[in-house]
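In the numbering used here, the protein residues as written are 29 to 284.
Okay, structure first, notes after.
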């Protein structure tokens with residue numbers, strides 16, 4: 029578990045992207061603002077330190093719907109969740125407010141912790157077995173929207189490949205949370221879904237508040253990239269396989 033000083037130092041608010049405002053897409057919240065709000069509460073009382081991990085765990089395992097979580101939880105958990113809601117001003121829906129705090133926004137704002145936790149998640153939105161049935165050994169740390177903030181905003185081949193591999197998960201994630209499993213899987217519906225995935229992925233990469241060095245350290249630590257003697261950065265075989273599967277999905281829905 030990271031100490032508070034480590035969290036503060038790691039999430040130092042330095043924005044990697046210098047041209048994000050020029051992008052045609054914008055993120056619907058400011059991850060640096062969300063991060064700062066959470067840290068401010070955490071630092072008020074040492075007893076609050078475990079809260080960040082609780083918030084991320086709930087966000088990953090249970091989603092954003094606070095009312096539904098309260099209805100379906102045991103009494104002792106309800107008491108704790110009500111405390112967190114009051115302490116951090118949590119809401120179920122942001123309703124177009126960039127400053128509202130939802131559990132998913134907190135997860136995205138602390139991507140290092142969220143991506144590390146997802147490996148141990150019992151009930152992720154898209155199961156590990158589902159992803160790895162589509163793409164062999166799909167990297168578990170990529171199985172959360174928070175991973176998007178760890179993809180460097182660089183015009184480099186390895187960055188493009190990481191983005192494509194991650195969009196394979198995001199497609200399944202968006203499809204699941206929107207309840208589209210019960211709807212007709214028309215070509216038009218799937219094209220719209222793919223376009224939304226691309227839009228949101230690009231926006232998050234552009235808006236990332238995580239420094240390039242921190243991103244690279246994480247990617248190397250989890251064996252998603254390697255650097256050769258000639259300083260050429262390559263992605264893992266697992267990432268390449270996911271890229272291929274994503275490419276086939278695009279062909280399936282966009283070929284004439």
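For glycine and all other residues, C-beta sits at the position ideal for the given N, C-alpha and C.
Keep in mind that this is a model prediction, so the values were computed, not measured.
| request: Report the residue ranges of all alpha helix (DSSP H) runs contained in full by the region 60-116; include only those spanning at least 4 residues, in chain order. | output: 79-90, 94-99 and 103-116
| Sorted by chain position, which residues of the same chain lie with C-beta nearer than 8 angstroms to residue 92's C-beta, five sequence neighbours on each side aside? | So the qualifying residues of the chain are 120, 121, 130, 131 and 132.
| request: Determine the direct distance from the alpha carbon of residue 60 to that of residue 266, and round the result to whole angstroms. | output: 31 angstroms
| message | Using 8 angstroms for Cβ pairs, my map puts residue 101 next to residue 273. What's the rounded Cβ distance? | response | Not a contact, Cβ separation roughly 36 angstroms.
| Where do the N-terminal and C-terminal ends of the beta strand (DSSP E) with residue 253 fall, by residue? | 253-255
| field | Three-way DSSP call (helix, strand, coil) for residue 185 in this model | value | helix
| task | Starting from the Cα of residue 225, find the closest Cα among 103, 173 and 116 and give me that residue. | result | 173
| task | Let me know the secondary structure DSSP gives residue 242 once reduced to three states. | result | helix
| message | Quick check: the Cα distance between residue 107 and residue 270, rounded to an integer number of angstroms? | response | For residue 107 and residue 270, the distance between alpha carbons rounds to 41 angstroms.
| task | Find out if the Cβ-Cβ distance for the pair residue 169, residue 135 is shorter than 8 angstroms. | result | no
| query | If you pair each beta-carbon of the region 61-80 with each one of the region 144-153, do three or more pairs fall below 8 angstroms? | reply | no
| said: Check this for me: beta carbons of residue 194 and residue 179, under 8 angstroms apart or not? | reply: yes
| message | Determine whether the beta carbon atoms of residue 84 and residue 90 lie at a separation below 8 angstroms. | response | no
| Expressed to the nearest angstrom, what Euclidean distance is found between the alpha-carbon atoms of residue 231 and residue 282? | 22 angstroms
| query | For the putative contact between residue 154 and residue 116, defined by C-beta atoms under 8 angstroms, what is the C-beta separation to the nearest angstrom? | reply | Their Cβ separation, rounded to whole angstroms, is 26 angstroms, which puts residue 154 and residue 116 out of contact at 8 angstroms.
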